[in-house]
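Engineer: Numbering (the working numbering), first residue to last: 8 to 484. Heads up, the beta-carbon is just placed ideally off N, CA and C, and yes, glycines get one too. These numbers come from a predicted model, not from an experiment.
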RNA sequence: GGUCUCAUCGUCUAACGGUUAGGACACCAGGUUUUCAUCCUGGCAAUCGGAGUUCGAUUCUCCGUGAGAUCACCA
C-alpha cells in the first residue's frame, strides 16, 4: 500500500481564521499519523480577490501552529509548482483532452445572457441548469471565451465520505460548469481536480461547503478518466451565537489574533480538534503527538460545533501548566511587563515559576507579576473593600503591619523560614490567616491576587518587603 | 424554491439495540492555614416531535419539525 498524501489548499484572499484552520489541521494530522505527505498548494486563480501579503500571512500562521508541510511554497517538492497561476499549461493540457473528447465547449453567451436564463428559472421555481441551454453549434474555443464542461453522465452519483458516511445526489447536482475562465485561468472546480491528481493526493479533505459540488467533481473525474480520491467533508464551526457558519463577518478572529492574546499553538490545535472530534474516551487534554496518534476521520462529528472561547481559555491554561519552565520562559518573552526589562533571566524565571499555575493566557503575565518589578502604589481602598479587612479600623491594621515588620526583619528570607515566622505571627497576634495574610499580601503587592504569601515574600526579598511595609504604613496614616 | 446534510445538558461531547444517559467547559455551593484566575469535593442541567421494527430504541426505518450548506467566469 502506498503512503497517503493529503493537502491544504488555501486561497490567498486574507488571513486564516479559526473557522477554517481545521481544513488544514485534520489532513495534516492524518498525514503525520500515517507517515504520509502533507502538501500545501496556493489557489490563486481568482485575480480579483487576491490580497497582497495574504500568502505569507497564511504560511506564517501555519508555521506558528506547527502545521508543517512537506511540499509547497518555501519547501518545493517533486510535483510543483505549488501555486496555481504557475501551472496554467497543466490546466490547458487537460482542457484540451476534454475538447478532443467533445466534453468541453466554448461558452457563446455573455454573462448577462446567462443571468437572464437564471432569472427565468428562478421565476419558474425550478433549479437553473446551464445544460438546459447548451448551444447546438458552439464556436471554436479560442481562449477568449469561457470553456465549459459538457457533463457526459447525467445520473445519480453515490460516494463514500469517511466523515459523513454514504452520500448521494441526483442529476440536479450536475451541470455544465466553467473549466477555464475568459481570462485564461481555470476555476477552482477544474484546477483542484487536475492538481490533486497530478500531485498524487489520496485524501481530499475540506469544508462542508463543498459537499454539494462533489457530484460535479465526480463527473469530471470520470470524464478525465481519473480514479476518485477519498473525498471527506468536515462539518462547519459555528458562530458562538446563532447557528451560522463561523466566518469573518461573524467576528471570527484570525489565528494571529489568538497568538497575540497569548494562546499557545498546541492549545489552539487541541481546541480545534476537539470541536467535532474525540477519541471515544474521556480525555480532554491532548498534546500535539497524542492528536497525531489518535486522530481518525471516522470519529469526526457530523454536525457543526459552536465556537466556545471559554473552553479555549481553559484548555490554554491546561497546556501552559504542561510546559516546562524553560519552555514557557522561551515562549513568553514578548509578554513581560515593561518594568521587567531590567530584570535578570534568573529572577524572571523564579517569578514565572510562581505564576505558571495561574496563567490562563500569556497575556495575563503583567497583571500577575507587575509588582515584582515595579513599586506598587499603596491603595488603602483595596483594604476597605476587602470583605475580611473592612471590619477593622485602619489603625489596627497598621499596628498589625508594624508587628509583621518587626518579625520579618529578623527572619531568614527563604520560603520555609518565612512560613514559620508567619505562623508564629498568627499566634502572637491572635489573628486568623484570612485577616493577617490578606493584609500582608495587600501591603506588599497592592494587586488583586498573588501566589502563596511565603513564596511571594521570599521572591520579593527582605529589603523590598520591609520598605513596602513601610510605604504601606505611611500611606495608611 | 431545487439539491444535499445535520439534530444528546446553555456549550463541546460519550454511550456493540439493554447504563440511575457518562465526561468536560460555563454556572452555583463548599473546601485547601490569605487573596485568586490554580487545585479538590459536591450541585444544576439533555436524548426535537410522531409513528414503525423489537421483549427492549439516544441508537435502526419512515414521516414531520427545526437548523445549516449550496445553487458564480469565488474558492
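1. Tell whether a beta-carbon distance below 9 Å holds between residue 471 and residue 447.
2. From this set, 17, 16, 106, 205, which residue's C-alpha is nearest residue 146's C-alpha?
3. Is DSSP giving residue 340 helix, strand or coil here?
4. Ignoring anything shorter than 4 residues or poking outside the stretch 107-137, list the alpha helix (DSSP H) runs there in chain order.
5. Roughly how far, in whole angstroms, is the beta-carbon of residue 71 from the beta-carbon of residue 266, given that I think they are within contact range, below 8 Å?
6. Strictly by DSSP, which residues pair up with residue 284?
7. Could you compute how far the alpha carbon of residue 333 sits from the alpha carbon of residue 356?
8. To the nearest angstrom, report how far apart residue 262 and residue 141 are at their CA atoms.
9. Please report the residue range of the beta strand (DSSP E) in which residue 165 lies.
10. Hey, residue 347 and residue 376: beta-carbon distance below 9 Å or not?
11. Do you know offhand how far residue 134's Cα is from residue 52's?
12. Report the residue from 171, 100, 113, 77 whose alpha carbon sits nearest the alpha carbon of residue 303.
13. Straight-line CA distance for residue 36 to residue 276?
14. In chain order, which continuous runs of the alpha helix (DSSP H) of length 4 or greater are located wholly inside the stretch 380-463?
15. Count the other CB atoms, across all protein chains shown, that sit within 10 Å of the CB of residue 456; report buried if there are 16 or more and exposed otherwise.
16. Would you list the one or two residues that DSSP bridges to residue 187?
17. Hey, quick one: how far does the alpha helix (DSSP H) through residue 474 stretch, first residue to last?
18. Based on Cα-Cα distance, which residue from 227, 274, 236, 279 lies nearest to residue 244?
19. For residue 44, which of helix, strand or coil comes out of DSSP?
20. With a threshold of 8 Å on Cβ separation, who are the neighbours of residue 397 within its own chain once the five nearest residues in sequence on each side are excluded?
21. Rounded to whole angstroms, what's the CA-CA distance from residue 443 to residue 69? Just pull it up for me.
22. What residues match up with residue 176 in a beta bridge as DSSP calls it?
23. Where DSSP assigns a beta bridge to residue 83, which residues make up the other side?
24. The beta strand (DSSP E) with residue 238 in it runs from where to where?
25. So the candidates are 416, 58, 252; which of them puts its Cα closest to the Cα of residue 310?
26. Spatial neighbours of residue 428 within its chain, please: CB distance less than 7 Å, with the 5 preceding and 5 following residues excluded, ordered by chain position.
27. Hey, quick one: how far does the alpha helix (DSSP H) through residue 328 stretch, first residue to last?
28. Give me the Cα-Cα distance between residue 438 and residue 393, rounded to the nearest whole angstrom.
29. Considering Cα atoms alone, identify which of 312, 325, 232 is closest to residue 274.
30. Taking 7 Å as the limit between beta carbons, can you name the residues of its chain near residue 328, skipping five residues before and five after?
31. Kindly list the residues whose CB is nearer than 7 Å to the CB of residue 313, restricted to its own chain and excluding five residues on each side of it in sequence; keep chain order.
32. For residue 252, which residues does DSSP report across the bridge?
33. Can you have a look at residue 144 and say buried or exposed, based on whether 16 or more other CB atoms are within 10 angstroms of its CB?
34. Could you please give me the residues that DSSP links to residue 13 through a beta bridge?
35. So, does the stretch 117-133 touch the stretch 190-210, judging by three or more C-beta pairs under 8 Å?
36. How many angstroms separate the CA atom of residue 148 from the CA atom of residue 154?
Structural biologist: According to the data block:
1. Going by C-beta atoms, residue 471 is not nearer than 9 Å to residue 447.
2. The residue with the shortest Cα to Cα distance from residue 146 is 106.
3. Annotated three-state conformation of residue 340 is helix, per DSSP.
4. Fully enclosed alpha helix (DSSP H) runs of 4 or longer: 118-130.
5. Contact between residue 71 and residue 266 is confirmed by a C-beta separation of about 6 Å, below the 8 Å threshold.
6. Answer is 307, bridged to residue 284.
7. The alpha-carbon atoms of residue 333 and residue 356 are separated by roughly 8 Å.
8. About 45 Å.
9. Secondary structure note for residue 165: its beta strand (DSSP E) is the uninterrupted segment 164-168.
10. Closer than 9 Å, so yes.
11. Taking the straight line from one Cα to the other gives about 27 Å.
12. Closest option to residue 303, judged by alpha-carbon separation, among 171, 100, 113, 77: 171.
13. In this model, residue 36 and residue 276 are separated by some 10 Å (Cα to Cα).
14. Complete alpha helix (DSSP H) runs here, min 4: 388-392, 401-416, 422-436, 440-452.
15. Per the 10 Å Cβ criterion, exposed.
16. In DSSP, residue 187 forms a bridge with 154, 193.
17. Where residue 474 is concerned, the enclosing alpha helix (DSSP H) stretches over 469-483.
18. Cα-wise, what sits closest to residue 244 is 279.
19. Note: residue 44 maps to strand in three-state DSSP.
20. Excluding sequence neighbours, residue 397 sits near 390, 391.
21. Whole-angstrom Cα-Cα distance: 50 Å.
22. Its beta-bridge partners are 164.
23. According to DSSP, which records beta bridges pairwise, residue 83 is partnered with 79.
24. Judged by DSSP secondary structure, residue 238 falls within the beta strand (DSSP E) whose first and last residues are 237-241.
25. The shortest Cα separation from residue 310 among 416, 58, 252 belongs to 252.
26. Contacts found: 414, 415, 418.
27. Where residue 328 is concerned, the enclosing alpha helix (DSSP H) stretches over 316-329.
28. Between residue 438 and residue 393, the C-alpha separation is close to 16 Å.
29. Comparing Cα-Cα distances from residue 274 to each of 312, 325, 232, the minimum goes to 325.
30. Sequence-distant partners of residue 328 (beyond 5 residues in either direction) whose C-beta falls short of 7 Å from its own C-beta, in its chain, are 363, 364.
31. Around residue 313: 245, 247.
32. DSSP output for residue 252 lists 245 as bridge partner(s).
33. Residue 144 is exposed by the Cβ-count criterion.
34. Looking at the DSSP assignment, residue 13 forms a beta bridge with 45, 210.
35. Contact between the stretch 117-133 and the stretch 190-210 is absent, with fewer than three C-beta pairs closer than 8 Å.
36. Taking C-alpha positions only, residue 148 is separated from residue 154 by approximately 7 Å.
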